[in-house]
Each structure stands twice: as C-alpha cells, then as structure tokens.
Amino acid sequence: GPRRARSGGANKRSHAFVASEAAAVTASVVRHLFPKSRRNISRYIFRLGDYNKSVMEPGEVHSKGDMMITHSKFDIQTFRNDIALVRLAEPVDLEGRNANLQAVCLPDGNSMDFSKARCMATGWGETQFKGRHSDVLMEVMLPVWSHEKCARAYRNYNKITASMFCAGYVEGKKSSCSGDSGGPLQCTFDERTWFLAGVVSHSVYCALPNMPTVFTKVAPFLDFVHNQMALHSS
Numbered sequence: 170g171p172r173r174a175r176s177g178g179a180n181k182r183s184h185a186f187v188a189s190e191a192a193a194v195t196a197s198v199v200r201h202l203f204p205k206s207r208r209n210i211s212r213y214i215f216r217l218g219d220y221n222k223s224v225m226e227p228g229e230v231h232s233k234g235d236m237m238i239t240h241s242k243f244d245i246q247t248f249r250n251d252i253a254l255v256r257l258a259e260p261v262d263l264e265g266r267n268a269n270l271q272a273v274c275l276p277d278g279n280s281m282d283f284s285k286a287r288c289m290a291t292g293w294g295e296t297q298f299k300g301r302h303s304d305v306l307m308e309v310m311l312p313v314w315s316h317e318k319c320a321r322a323y324r325n326y327n328k329i330t331a332s333m334f335c336a337g338y339v340e341g342k343k344s345s346c347s348g349d350s351g352g353p354l355q356c357t358f359d360e361r362t363w364f365l366a367g368v369v370s371h372s373v374y375c376a377l378p379n380m381p382t383v384f385t386k387v388a389p390f391l392d393f394v395h396n397q398m399a400l401h402s403s
C-alpha cells in the first residue's frame, strides 16, 4: 500500500499521507495539537517510508515541511472541514531511488462506498488510552459504519456531517487513538489498489464499545486538495 509520512519535532508526533511528490494530506486539528510557539511547520521533519520511528531504516526519506494549508472553514469545536495539506520543502522523487515510496490513490468522487471495502488504519499513536506511543507502525482493520449508526453513536457529542464517517468495532477493543490524528484510513476493494478514504479526525477516548473513531471523508474535499496543490506547487 502507499506510504505514510510522520512528522517529528518538539516532542510532538503527527501523521500525514503522501498525495504527490510535493504534498501530504493530514487533518487541520493537527496544527492545534502544537503550542502556538511551535506551529512553524519548517521546524518539523517529515519521515516518509518510516516504520520503526526509533531507527533510521533503508528506504526512509526525510523532508522538511514548507507550508501547512488548513481548510479555511475548519472549526475546532465541531471538527467540520478537518483536513489540511503540508507542502514539502523539497519534492520527493517517487521514482528512481525512492521507488519504494508511492503516493496514495485519492477516491474517485463521492461514488465509492467504502462500507463494502476492507479498510485499514495505521499510526504510531497510543497502544492503549493514556498509554505509551508505539515505536513501530501499527495497523488495524476497521469496518466503516453507516452514517445513521455513526450519528447515533455521537448524538451526545457533536453532529456527524455528510463530510465525516465512522469506523471501528461495536465491541470496541481496537481503534485509532491519541497520536494518530491526521493519519489515514486506506480502503481496498480488490487487495491491489488502496484509496485514501478518510483522515483521522477525533474520537471519544479509544476503543470504547459503541464509540468508533470519526474520520474526515476525503472525497468531498477533492477540489480543496487539487486546488491547493496546484496553487502551491511551486
């Protein structure tokens, strides 16, 4: 499948996903996880092809961040429009010596029904609520919920809009967790092509019964992604 990018610096960790040779997709909420004094994206190194964050591995590529483009209508209270792009300071050659890396496939509009796909979340977040972060990239298969079921689960917390969806297990036990914000939910219909269906946005604790993780649905924001990539491509 496509490769993750992890940013490191100032004792904070967040995640993004490579969308092109010069850009990565993440969540707008990631910026708010950092103190204001540390929100200068150029302070952070993005490690592409990373698996074990404690060692430098063959095939791992480092690039500084150059610019973080958050959605202009992002709302930290409701998590609406929770998507952002990071422009890398130096484009990463996805061919030649970095052929082990590949950009994620963006979804084909709103027509793809990921509730019928196999979906996988990945990250270096907490392995249990308020526990330690994982040193190696963890992955978990998560079923996508219907909009109605997701909205019922979050009725006492926040409105689930048409640009959000839930994934997780009714019984809990497995989920994305703190430290996974901005990370991907990749989905496949044929085990060959993986699509970026969603970006980790928020949740209530981790892996609780009937409390799935909420993801930003990428498809409604394709215009934002393409327009911003074109606008900031040079």
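Going by the working numbering, the first residue of the sequence shown is number 170, and it counts up by one from there. Ideal Cβ positions, reconstructed from N, Cα and C, are used throughout, including at glycine.
- Between F384 and A336, the beta carbon gap of about 6 Å places them in contact (Cβ cut-off 8 Å).
- E259 sits in coil when the DSSP states are folded into three classes, being neither helix nor strand.
- By the Cβ rule, the region 356-363 does not count as touching the region 372-387, because fewer than three pairs are nearer than 8 Å.
- T382 is the residue among G351, L354, M310 and T382 whose C-alpha sits nearest the C-alpha of A320.
- S284 places its beta carbon less than 8 Å from that of S315.
- Under the DSSP definition of a beta bridge, H302 partners with E295.
- Residues of the same chain with a CB within less than 6 Å of the CB of N250, apart from the 5 flanking positions on each side, are H240, K242 and F243 in chain order.
- By the 16-neighbour rule on beta-carbons within 10 angstroms, S280 is exposed.
- Using a C-beta cut-off of 8 Å, the region 258-270 makes contact with the region 215-224, since at least three inter-stretch Cβ pairs fall below that distance.
- A direct Cα-to-Cα measurement between V369 and A192 gives close to 18 Å.
- According to the DSSP secondary-structure assignment, C335 is paired through a beta bridge with V383.
- By alpha-carbon distance to S211, the top candidate from R301, L263, A399 and G234 is G234.
- Within the region 231-292, the complete beta strand (DSSP E) runs of at least 3 residues fall at 253-257 and 287-292.
- Taking V230 as reference, the option from E259, L254 and F248 with the minimal CA-CA separation is E259.
- Ranking E317, G341, V199 and R256 by CA distance to the CA of N379 puts G341 first.
- For A399 and V255, the gap between their C-alpha atoms comes out near 13 Å.
- In this structure, the alpha-carbon of C375 lies about 30 Å from that of Q271.
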